[in-house]
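Just so we're aligned, residue 475 is where the sequence shown starts under my numbering, counting upward by one.
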Amino acid sequence: MIQVRKKPPLYLLDESNIFPDPSKLGDEDLVAVGGDFSSERLINAYKSGIFPWFIEEGLIYWFSPNPRTIILPGSLKVSKSLSKTIKKNKFKIKYDNNFEGVIKKCATVKRKEESGTWISDEFVDGFLKLHNKGVAHSIECYLEDRLVGGLYGLIIGNAFFGESMFSEVSDSSKVALFYLDRMAQEKNFHFIDCQVHTKHLQSLGAIEVERSAYLNMLKKAI
C-alpha cells in the first residue's frame, strides 16, 4: 500500500531538477510534489528511483515506493494458455511503431481497481518527448492491423522502467510483457521496474524488494 502524506512537511521541487534522496524517506513513499514533465526532470527522477504518479491541484506527485515491485528478466511466469497464444502467433508484435497510440490507450482503458486515470495530457506530452529522444519505448500487439494491446516505459542504462499497459483482447498485454521479458534477457537488463505491487503482477512473477535493495540494483543498472 502506497503511503501518501498530504500535509506538511512536503518537499516542493524547484527549477533545479534535483530530488530528495529516497533512501532517507523511511516508510514514506511520497518523495516530493511540484516540478514539471521536462525530459531532464523525468530522466533524473527515474535514475533516482522516483516516478511521477498523478497530478492534484496542479501539482505533480512523485513517488519511490517501499517495497518496490520488479520482474527479474527470465522469471516471467507463462501459463499454458498464454504459451499456446504465443505459439499460435495470434498477435503481430511491433516495437515503437505507435508509441502515442499505446500511451493514449493506456490512459483511456477501464481498469477494475481504478476509477480514473493518472495519465493526463501533461503525462502524454512529457513521455512523447522522451520517446522522440529515444528514451521511452513501446511494445505493441496487433490483431488484423488493429492495436489491441501493449505497454510502454523507459530504457535507461540496463533497466526497463515500466509505466503502463493495456489490453483490449484477452492476453494481449501479457503477450507484450512476454516480449518485453525476452528483450530484457537479450539486452542483459538487470530488472523490469513495475513500480507497485498488484496481484496480477505477482501472478506473472513480479517480486517485491526493499527500497534500499532496489536503489542498489538501480545504481548498478544505470
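C-beta atoms are modelled at their ideal positions from N, C-alpha and C, and glycine is treated no differently.
Looking at the unbroken beta strand (DSSP E) that takes in residue i, where does it start and where does it end?
{"i": "Tyr535", "result": "533-537"}
{"i": "Leu546", "result": "No beta strand (DSSP E) contains Leu546, which DSSP labels as neither H nor E."}
{"i": "Ile696", "result": "Run containing Ile696: none; DSSP gives neither H nor E here."}
{"i": "Ile529", "result": "525-530"}
Would the beta-carbon of residue i fall within 8 angstroms of that of residue j?
{"i": "Ile593", "j": "Leu654", "result": "no"}
{"i": "Gly627", "j": "Glu642", "result": "no"}
{"i": "Gly468", "j": "Asp667", "result": "Coverage of the chain is limited to positions 475 through 696, which leaves residue 468 absent and any answer about it impossible."}
{"i": "Lys648", "j": "Leu556", "result": "yes"}
{"i": "Asp723", "j": "Ser538", "result": "Absent from the structure is residue 723, since the part of the chain shown begins at 475 and ends at 696."}
{"i": "His671", "j": "Thr543", "result": "yes"}
Kindly give me the distance between the Cβ atoms of residue i and residue j, rounded to whole angstroms, as I take these residues to be in contact under 8 angstroms.
{"i": "Phe601", "j": "Ile629", "result": "About 13 angstroms; that fails the 8 angstroms criterion."}
{"i": "Tyr569", "j": "His605", "result": "In fact, because the Cβ distance is near 12 angstroms, the residues do not count as touching under 8 angstroms."}
{"i": "Leu621", "j": "Gly575", "result": "5 angstroms"}
{"i": "Ala633", "j": "Ile696", "result": "7 angstroms"}
Who are residue i's beta bridge partners in DSSP?
{"i": "Leu487", "result": "Gly508"}
{"i": "Val670", "result": "According to DSSP, which records beta bridges pairwise, Val670 is partnered with nothing at all."}
{"i": "Glu682", "result": "Thr543"}
{"i": "Phe493", "result": "In DSSP, Phe493 forms no bridge with anything."}
{"i": "Ser612", "result": "Tyr626"}
By the DSSP assignment, the alpha helix (DSSP H) with residue i in it spans what residues?
{"i": "Glu502", "result": "Neither: Glu502 is in no alpha helix (DSSP H) and is coded neither H nor E."}
{"i": "Ile517", "result": "513-521"}
Length at least 4, wholly inside the region 549-609: the alpha helix (DSSP H) runs in chain order: 554-561, 573-582, 595-606
Any chance you could list the alpha helix (DSSP H) runs of at least 4 consecutive residues sitting entirely within the region 614-665, in chain order? 646-660
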